[in-house]
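*Asks:* The numbering of the sequence shown is UniProt numbering, which starts it at 1 and goes up by one. Cβ atoms here follow ideal geometry from the backbone N, Cα and C, with glycine treated the same way. Have a look at the structure that comes next, please.
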Amino acid sequence: MEGLTEGRGLGPHVDAAQWKTRLKNATDDEKPISTEAFVEGINGQNLGYMVVKRSAMESVAHRDMNSRLGLLLPSGPLKEAPIKVMSSSVCLPRSIDAFGEWPGCHGVIRRDRKQGRCASCRAFAALSLLDCRLCIKTQGMFNGVRGHLRRAHATSCICERDGCQPRSPA
């Protein structure tokens, strides 16, 4: 048991109660998110809609679903960011054709990023914006195979867990 608990915040000695709690949590994490009982429980409440169990959800565990959830805000007060007010003389266009405006950056602007099971959408979105701005600023030179910032670098900077968890504000 010592090898199983080392490096997990429990120290080398774990009593039976701690082991039982960790084992229960690990088992619960692997249970499927969608079961017949879950669907029947929701539908039995007559909420005005019906839930169906999809075969694609059979292999999704609680742990998988939790890794796809959004950022959990810390408890306590948040720091207020200063608000910048734009001058009323600035006139923003109703629409813009980015491909026509910056044709040399079409591939960067249009590029889809697949984050897979990584729940660091904030890092992916921020780096996509920076990719586009770098391409525009360099007049299309930041483009092609090397025309992107590495998402793995941004998410790997998070020391807590693996950077791809919803609690990681990358």
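Between which residues of its own chain and residue 41 is the CB-CB distance below 8 Å, once the five residues before and five after are set aside?
*Replies:* none
*Asks:* If we ignore side chains and look at the alpha-carbon of each, how far apart do residue 151 and residue 89 end up?
*Replies:* Distance between the alpha carbons of residue 151 and residue 89 is about 37 Å.
*Asks:* Tell me which same chain residues have a C-beta within less than 8 Å of the C-beta of residue 48, skipping the five on either side of it?
*Replies:* none
*Asks:* Which residue marks the beginning of the alpha helix (DSSP H) containing residue 39, and which one marks its end?
*Replies:* 36 to 43
*Asks:* By Cβ distance, which residues of its chain are closer than 6 Å to residue 50, with the 5 residues on each side in sequence left out?
*Replies:* 43
*Asks:* Roughly how many angstroms lie between the CA atoms of residue 148 and residue 124, to the nearest whole one?
*Replies:* 11 Å
*Asks:* Go through its chain and collect everything with a Cβ distance to residue 55's Cβ below 8 Å, but skip five positions before and after it.
*Replies:* Within the same chain, residue 55 has no close Cβ partners at all.
*Asks:* Put residue 183 into one of helix, strand or coil per three-state DSSP.
*Replies:* The question about residue 183 has no answer here: the residues shown for the chain are numbered 1 through 170.
*Asks:* Confirm, please, whether the CB-CB distance from residue 27 to residue 53 is below 9 Å.
*Replies:* No; because the gap between Cβ atoms is not below 9 Å, this pair is not in contact.
*Asks:* Distance check for residue 19 and residue 6, CA to CA, integer angstroms please.
*Replies:* In this prediction, residue 6 scores a pLDDT of 46, lower than 50, which makes its location untrustworthy; no coordinate-derived value is stated.
*Asks:* Below 8 Å on the Cβ atoms is my contact criterion, and I expect residue 132 with residue 105 to pass it. Report the Cβ-Cβ distance as a whole number of Å.
*Replies:* 7 Å
*Asks:* Which of helix, strand or coil does DSSP assign to residue 61?
*Replies:* strand
*Asks:* Nearest by alpha-carbon distance to residue 111: which of 84, 59 and 144 is it?
*Replies:* Comparing Cα-Cα distances from residue 111 to each of 84, 59 and 144, the minimum goes to 144.
*Asks:* Looking at residue 63 and residue 30, is the spacing between their C-beta atoms short of 9 Å?
*Replies:* Result yes, Cβ atoms of residue 30 and residue 63 sit closer than 9 Å.
*Asks:* If residue 61 sits next to residue 96, beta carbons under 8 Å apart, how far is it from one beta carbon to the other, in whole angstroms?
*Replies:* Incorrect: roughly 43 Å between the Cβ atoms, too far for contact.
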